[in-house]
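Residue numbers for the sequence shown follow the UniProt record's numbering, beginning at 1 and rising by one. C-beta: ideal position from N, C-alpha, C; glycine also.
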Amino acid sequence: MKVKATIKVTVKALLAQWKQVLLMYAVFPLLLIGVMGYFQRDLYKPETKIDAINISIVDEDKSDVSKNFISLLSSDELKNLFNISDNGDYIINIPKNYEKDLLQLKDTTITIDEKNRVSRQNEVIIKSLIEQYGKSLTESLIVNNNMDLRDNEEIINKITATLKSINETTSIKSNKIEAERVLTSFENQSASMMTFMLFTIIMGCVAGYHLDKENGSFKRLMSTSITKQTFFKLDLLIFFMSSFVYGGIYVIVSRIAGFAFKGVSLINIIVLLSVQSILITALSGLIIAFLSKKVSQIVIILFIYFQIIFGGGFIPLKEISNKVFLTIAKFSPGDIITDAYRKCMLFNSIKDISTELILMLAISIAAYLISITKVRLRWEE
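Now the structure itself:
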């Protein structure tokens, strides 16, 4: 009953303040995104620009087949798609006896090791090329299984000629564009603004709690049979509901305005908003458990200013060359949120933001355990 009553009161409060909510979490952010995104639009390269995939090749076979494969990747037709170097983002390993196993129709394949997480689609493109190469070669060998092995070079040449046309096909080009897709200035600004919104929501949650204390609501509730722990948990429920609604409004209006979240799965957005709301709830709970109204305001404002200066939203980090500034920027507290939303828009996959989600949940659990322990020991006495 207490939970149900809390939900009703929270919903009524949100509806009663709908004008202020829209102004704070819809109109104001959109104006900032529009202005900042417009003036930063030249800092971001076009989405359709195609850059070469950096690869390294380890040839343990050193056969005609492996050499033809390497030659294929470095050919004039594919050199715009692949850049072969000793320090590539992807290491292509051609196993020993690759040609021999192919000629004997044994199961073998060229493998890929990804040194750094660059793009899921880049790996898809490389794998597609490798699979098509092996498949085409195997099919040709089956069809020409009575040919003398001395004619193998002719078969390879035919396959090479066929595979060279891959670079001209729509599928490869569209995959490459998606792989190297870069967020627009408006999308980058929307992701960065979400961090600013996070601290704003935390400030609102904490301010609401202290307002209840000042108008006497807190004392009246504490004078009833309700325990401090229960009261604290009900506050956390209010924080979660409010932060989810505020974040949802921000995402919806950004999508309607065409600034960000175009084509992003609704499920992915809901999951990200939910985890973000849990983080906001836990951090707000930690603040009200330990800090007074005045101190909490100072702390939150300091975090907001730190994020504004070093977060990359208002001052693009790609334009900064000062090493000290960039080093400090690495400790920006809101980067985890910004990175999560950027990856969500880029890859539209829960898997690609799983690291950020796990970190947010871990921080939330730690903050909750610390705050609930404080409440059990001594709180508002």
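Judged by DSSP in its simplified three-state form, F314 adopts coil rather than helix or strand. From the listed residues D76, I358, I353 and I84, the smallest Cα separation to L279 is found for I358. I300 and M203 do touch by the CB rule: their CB atoms are close to 5 Å apart, below 8 Å. In the three-state reduction of the DSSP assignment, I309 falls in the helix class, which pools H, G and I.
Counting every other CB atom within 10 Å of its CB across the protein chains shown gives K343 a total of 16 or more, marking it as buried. Nearest in C-alpha terms to I110, of all of T200, V251, V375 and I94, is I94.
Taking Y246 as the centre and dropping the five residues before and after it, the same chain places the C-beta of Y25 and I201 closer than 6 Å to its C-beta, in chain order. Each of D113, L81, L102 and I70 was checked against the Cα of D89, and the nearest Cα belongs to D113. Rounded to the nearest angstrom, the Cβ distance from S192 to G312 is 6 Å, consistent with a contact under 8 Å. In the structure shown, the three-state DSSP call for S190 is helix.
DSSP lists N93 as the beta-bridge partner residues of V58. In the three-state reduction of the DSSP assignment, N68 falls in the helix class.
F186 has its alpha-carbon roughly 6 Å from the corresponding atom of I33.
A straight-line Cα-Cα distance of about 35 Å links A52 and I252.
Assignment of T111 by DSSP, reduced to helix, strand and coil, places it in the strand class.
One thing to note: D64 has its Cβ within 8 Å of the Cβ of E99. Fully contained in the region 332-367 is no beta strand (DSSP E) run of length 3 or more. Under the DSSP assignment, N87 falls outside any alpha helix (DSSP H); it carries neither an H nor an E label. For R255, the enclosing alpha helix (DSSP H) begins and ends at K228 to I256.
The three-state reading of DSSP puts I270 in helix, counting H, G and I together. Beyond the five residues adjoining it in sequence on each side, N83 comes within less than 8 Å, by CB distance, of A52, I53, N54 and I55 in the same chain, given in chain order.
A residue is called buried when at least 16 other Cβ atoms come within 10 angstroms of its Cβ; N322 does not meet this threshold and is exposed. With respect to the C-alpha of D335, the residue from S349, I304, V264 and V324 having the closest C-alpha is I304. Spanning the alpha carbons of M345 and S190 requires a straight line of approximately 10 Å. A distance below 6 Å between beta-carbons, with the five flanking residues on each side excluded, links S243 to the following residues of its chain, in chain order: I201, S277 and I280. In the structure shown, F82 falls within a strand segment according to DSSP collapsed to helix, strand and coil. The shortest C-alpha to C-alpha distance from Y250 to any of G37, K262 and P29 is the one to P29.
Note that the C-beta distance between L272 and A340 is below 8 Å. F231 is not a Cβ neighbour of S284, given a cutoff of 8 Å. Per the coordinates, the alpha-carbon of I267 lies some 23 Å from the alpha-carbon of I365.
Partner residues in the beta bridge of I53, as assigned by DSSP, are F82. Separation of Q307 and K106 (C-alpha to C-alpha, rounded to the nearest whole angstrom) is 57 Å. With respect to the 8 Å criterion, L361 and V275 are classified as neighbours on the basis of their beta carbons.
When the beta-carbon positions are compared, Q132 and P316 stay at least 8 Å from each other.
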